[in-house]
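K.L.:
Protein chains in written order, with the working numbering: chain G, 1 to 331; chain A, 1001 to 1331.
1) Report the residue ranges of all alpha helix (DSSP H) runs contained in full by the segment 1057-1092 of chain A; include only those spanning at least 4 residues, in chain order.
2) Exposed or buried, residue 154 of chain G, counting other C-beta atoms within 10 Å across all chains shown (16 or more means buried)?
3) Taking the straight line between their C-alpha atoms, what separation do you get for residue 1127 of chain A and residue 1145 of chain A?
4) Roughly how far, in whole angstroms, is the beta-carbon of residue 313 of chain G from the beta-carbon of residue 242 of chain G, given that I think they are within contact range, below 8 Å?
5) I'd like the span of the alpha helix (DSSP H) that includes residue 138 of chain G, first residue to last.
6) Below 8 Å, can you find three or more Cβ-Cβ pairs linking the segment 274-282 of chain G to the segment 1234-1242 of chain A?
7) Please report whether the beta-carbon of residue 258 of chain G lies at a distance below 7 Å from any beta-carbon of chain A.
8) Going by CA-CA distance only, name the one from G:240, G:213 and G:261 that's closest to residue 1222 of chain A.
9) Consider the Cβ of residue 2 of chain G: report whether some Cβ of chain B lies at a distance smaller than 7 Å.
10) Could I get the ranges of all uninterrupted alpha helix (DSSP H) runs contained in the segment 169-221 of chain G, with 4 residues as the minimum, in chain order?
11) Under a three-way DSSP split, which group does residue 1019 of chain A fall into?
12) If you drop the 5 nearest sequence neighbours on each side, which residues of the same chain put their C-beta closer than 6 Å to that of residue 1035 of chain A?
13) Comparing C-alpha positions only, which one of G:92, G:168 and G:156 sits nearest to residue 140 of chain G?
14) Residues of chain A with CB closer than 9 Å to the CB of residue 43 of chain G, please, in chain order.
15) Helix, strand or coil, according to DSSP, for residue 288 of chain G in the structure here?
16) What residues in the segment 1266-1298 of chain A have a beta carbon less than 8 Å from any beta carbon of chain G?
17) Three or more C-beta pairs closer than 8 Å, one from the segment 13-20 of chain G and one from the segment 61-79 of chain G: is that the case here?
18) Please report whether the beta-carbon of residue 1075 of chain A lies at a distance below 7 Å from any beta-carbon of chain G.
19) State the CB to CB distance for the pair residue 95 of chain G and residue 178 of chain G, rounded to an integer number of angstroms; the pair is presumed to be in contact (CB under 8 Å).
20) Could you check which residue in A:1287, A:1296 and A:1293 has the C-alpha nearest to that of residue 1305 of chain A?
21) Going by the CB atoms, is the gap between residue 251 of chain G and residue 290 of chain G shorter than 7 Å?
22) For the alpha helix (DSSP H) holding residue 245 of chain G, just list the boundary residues, first then last.
23) Could you tell me whether any Cβ in chain A is nearer than 7 Å to the Cβ of residue 163 of chain G?
24) Can you tell me the Cα-Cα spacing of residue 204 of chain G and residue 34 of chain G, whole angstroms?
25) Do residue 1268 of chain A and residue 26 of chain G have their C-beta atoms closer together than 7 Å?
26) Run down chain G in chain order and give the residues with a C-beta less than 9 Å from the C-beta of residue 1043 of chain A.
27) According to DSSP, residue 1312 of chain A sits in a beta bridge with which residue or residues?
28) Can you tell me the Cα-Cα spacing of residue 1107 of chain A and residue 1121 of chain A, whole angstroms?
29) Mapping the DSSP letters down to three states, classify residue 95 of chain G as helix, strand or coil.
30) List in chain order: all unbroken alpha helix (DSSP H) runs of 4+ residues lying wholly within the segment 1171-1232 of chain A.
31) Can you check whether the C-beta of residue 244 of chain G is within less than 7 Å of a C-beta belonging to chain A?
32) At 9 Å on the CB atoms, spell out the chain A contacts of residue 221 of chain G, in chain order.
33) Sorted by chain position, which residues of the same chain lie with C-beta nearer than 7 Å to residue 1067 of chain A's C-beta, five sequence neighbours on each side aside?
34) Distance check for residue 1207 of chain A and residue 1003 of chain A, CA to CA, integer angstroms please.
35) Pull up the distance between the alpha-carbon of residue 217 of chain G and that of residue 1173 of chain A, whole angstroms please.
36) Would residue 1223 of chain A pass as an interface residue toward chain G - the criterion being a Cβ-Cβ separation below 7 Å?
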């Protein structure tokens, strides 16, 4: 396999808080090839958005980011200065945020906001930037694109605004796109259209995409690779097929039992739950972070947790198969 | 308790309910009528769960507001237990119909304690003295699975799932017959969502509650609802028993909506819904069948004539394809 476009090793993010240090992200490893979609899935507070902001160099000043390695196409992002990051952002790597209403500037027209990135990063005329904006608006399926350039965000529907956000992220032809919950605020019909569009664009333009979401349906249908995040750690990683057909970490299995599966979950029957709450990440954290909510927890869960499995499907658990051996194999 | 059989008197009935808003387009524009809810007929038997689905802007939430008495219908009647309720009589209506809203972060007053929030309906209606109200709060907290010690805490000290339990407790303290759940779990994580859905299911069985369950998450609707109504541009275009609707939907819009659902099955990709054109502007609805510009089966006949509701099975469908008196009828 060729050198990955993005390679992250042992990423840690610490946030100073009143009572000490919050270890929000701990020891994360992943890599991404061109043309691949990696989905980071997890619940609120799991650190998935922080991870993406760390890649983009958008963490606040007080937040401490450390990594053994964080390479983007041979560029060491851990050493990249402000100027270098600014040159990369919006050009070779760009981001699509969740809320198209708050991420678009209400005081500027769609055309101005689309052209901005291109005018900043490329030596082009306003007319060229405008032509590129129209081209991309058409590509993301917006009709009468030229007439949209003079409109303001409030004149567009939610679905249209999200398409504008995608067009904006594509202006400079990025190699890496990070989409943070890009369809969470949209109707299912629009969600399907936007996701189809994103996947087609990734394949067509040979980009890599990190898709951050909590929606397991979206993950299953869109991702090539999946990373399941819990309380700041990746507990299971693998191909989408491996994660959904053979989930191994107790948390992944628990999550999949929480959602009604049409055809498999009996209508009205109680759904699975994950009792308890996410532990505090302030101060020293040792052992398995999921042990407080896990049915399979044993004394060894307080110790070091080994990585199990092969590179194409890995999980972290003291149990070789993700469950206590004295129990039946969980469904 | 016979949840599935239809009792003689429906607990809730809507007869020809319409809501027309008068809206102004632009600074100088003339006022135009916007039919948010257009001649809706619905019946709901005791202990049934009616799932109401449709894209944003279809009138789901306006319908919920009419039932709660927050909006008066322009025409038509709302009957509870066969008795017409003057929709402007908020107090009378609030004893029988209570809401659970989407966002437990904004629907609870941050400056009131949990006990004050939950007991407010009792105080508004002047039911009991302070001691009996406190006792009622204690009992209802137990029902929704919260410890009594949360009574003196504030919403900011609670997690999203706990807040939604408080919202449910507040709705149930009046012992209502009907609970309007407007996206009750869409702000919650999946592991918390399943707990709340299980709780709603238990409460329905225990107290014979009737739910109007508004959600854009069709997997959740399929799981919880006994009947489903599909809404498009203010009209119910199809209504049927849940199994019938999900296994053999008839209206082309229902089918497109169901096709958009991303079930967690890897390898299937993102479906193409062929819905193409965006949701129409409700101020200028398309002539004839409002869905015809997005419908794959539409003909010139659909653009010329509006379909009428046709009884089919134990539900109804509003499409020329199922109306034996039209030339479109397929058999």
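Here a beta-carbon is modelled for each residue, glycine too, at the ideal position from N, C-alpha and C.
P.N.:
Checking against the coordinates, here is how it stands:
1) Counting only runs of 4 or more, we get 1060-1068.
2) Walking along the first chain from the start, residue 154 of chain G turns up at place 154. For residue 154 of chain G, the number of other beta carbons within 10 angstroms of its own is below 16, and it is reported as exposed.
3) On the second chain, position 127 is the one that residue 1127 of chain A refers to. On the second chain, position 145 is the one that residue 1145 of chain A refers to. Going by the C-alpha atoms only, they are around 24 Å apart.
4) Locating residue 313 of chain G in the first chain gives position 313, where the first residue counts as 1. Locating residue 242 of chain G in the first chain gives position 242, where the first residue counts as 1. Residue 313 of chain G to residue 242 of chain G, Cβ: 4 Å. Contact.
5) For the purposes of this step, residue 138 of chain G is taken as residue 138 along the first chain, with counting starting at 1. That run of the alpha helix (DSSP H) goes 126-139.
6) In this structure the segment 274-282 of chain G does not lie against the segment 1234-1242 of chain A, because fewer than three pairs of beta carbons, one per stretch, are closer than 8 Å.
7) Translated into the one-based positions of the first chain, residue 258 of chain G becomes position 258. Yes, because at least one Cβ of chain A sits closer than 7 Å to the Cβ of residue 258 of chain G.
8) Counting from 1 along the second chain, the entry for residue 1222 of chain A is found at position 222. Answer by Cα proximity: G:261.
9) No chain B appears in the structure shown, which is made up of the protein chains G and A.
10) Within the segment 169-221 of chain G, the complete alpha helix (DSSP H) segments of 4 residues or longer fall at 188-205, listed in chain order.
11) Taking the second chain and counting its residues from 1, the one referred to as residue 1019 of chain A is at position 19. Secondary structure of residue 1019 of chain A (DSSP, three-state): strand.
12) Here residue 1035 of chain A corresponds to residue number 35 of the second chain, with the count starting at 1. Counting only Cβ-Cβ distances below 6 Å, and skipping sequence neighbours, we find 1020 and 1234.
13) Indexing the first chain from 1 puts residue 140 of chain G at position 140. The option with the nearest alpha carbon to residue 140 of chain G is G:168.
14) The count along the first chain starts at 1 and reaches residue 43 of chain G at position 43. The contacting residues are 1189, 1190, 1191 and 1192.
15) Against the first chain, residue 288 of chain G aligns to sequence position 288. It is coil, neither helix nor strand.
16) Listed by position along the chain: 1266, 1267, 1268, 1269, 1270, 1271, 1272, 1273, 1275, 1278 and 1279.
17) Between the segment 13-20 of chain G and the segment 61-79 of chain G, the count of Cβ pairs shorter than 8 Å is three or higher; the stretches touch.
18) Within the second chain, numbered from 1, the residue matching residue 1075 of chain A stands at position 75. Cβ-Cβ to chain G under 7 Å: no for residue 1075 of chain A.
19) The residue given as residue 95 of chain G occupies position 95 in the first chain. The residue given as residue 178 of chain G occupies position 178 in the first chain. Indeed, because the Cβ distance is near 5 Å, the residues count as touching under 8 Å.
20) Position 305 of the second chain, counted from the start, is the residue given in the question as residue 1305 of chain A. When only C-alpha atoms are compared, the closest one is A:1287.
21) Translated into positions along the first chain, residue 290 of chain G becomes position 290. Translated into positions along the first chain, residue 251 of chain G becomes position 251. In this structure, residue 290 of chain G places its C-beta atom within 7 Å of the C-beta atom of residue 251 of chain G.
22) Locating residue 245 of chain G in the first chain gives position 245, counting from the first residue. Note, residue 245 of chain G: alpha helix (DSSP H), 240-245.
23) Indexing the first chain from 1 puts residue 163 of chain G at position 163. Contact of residue 163 of chain G with chain A is not assigned, every C-beta pair being separated by 7 Å or more.
24) Counting from 1 along the first chain, the entry for residue 204 of chain G is found at position 204. Counting from 1 along the first chain, the entry for residue 34 of chain G is found at position 34. One C-alpha to the other measures close to 11 Å.
25) Counting from one through the second chain, the residue named residue 1268 of chain A turns up at place 268. Counting from one through the first chain, the residue named residue 26 of chain G turns up at place 26. No. Outside cutoff.
26) For the purposes of this step, residue 1043 of chain A is identified with residue 43 of the second chain, where counting begins at 1. Going along chain G, no residue has its Cβ under 9 Å from residue 1043 of chain A, so there is no contact; the nearest lies around 21 Å.
27) The sequence position of residue 1312 of chain A within the second chain is 312, counting from 1. Answer is A:1315.
28) Residue 1107 of chain A sits at position 107 when you count from the first residue of the second chain. Residue 1121 of chain A sits at position 121 when you count from the first residue of the second chain. Using only the alpha carbons, I get a separation of about 14 Å.
29) Mapped onto the first chain, residue 95 of chain G falls at position 95. Reduced to three states, the DSSP call for residue 95 of chain G is strand.
30) Runs found: 1190-1207 and 1218-1224.
31) For the purposes of this step, residue 244 of chain G is taken as residue 244 along the first chain, with counting starting at 1. Yes, because at least one Cβ of chain A sits closer than 7 Å to the Cβ of residue 244 of chain G.
32) As a first step, residue 221 of chain G must be located in the first chain, where it is residue number 221. Here the neighbours are 1262, 1263, 1264, 1265, 1266, 1267, 1268, 1269, 1270 and 1271.
33) Translated into the one-based positions of the second chain, residue 1067 of chain A becomes position 67. 1078, 1097, 1180 and 1212, listed in sequence order.
34) Against the second chain, residue 1003 of chain A aligns to sequence position 3. Against the second chain, residue 1207 of chain A aligns to sequence position 207. For residue 1003 of chain A, the pLDDT reaches just 43, beneath the cut-off of 50, and the residue's location in the model is therefore unreliable, although a value from the coordinates is still provided. Using only the alpha carbons, I get a separation of about 11 Å.
35) For this step, residue 217 of chain G is matched to residue 217 along the first chain. For this step, residue 1173 of chain A is matched to residue 173 along the second chain. Those two C-alpha atoms are separated by around 36 Å.
36) Here residue 1223 of chain A refers to the residue found at position 223 of the second chain. Residue 1223 of chain A belongs to the set of residues whose beta carbon lies under 7 Å from a beta carbon in chain G.
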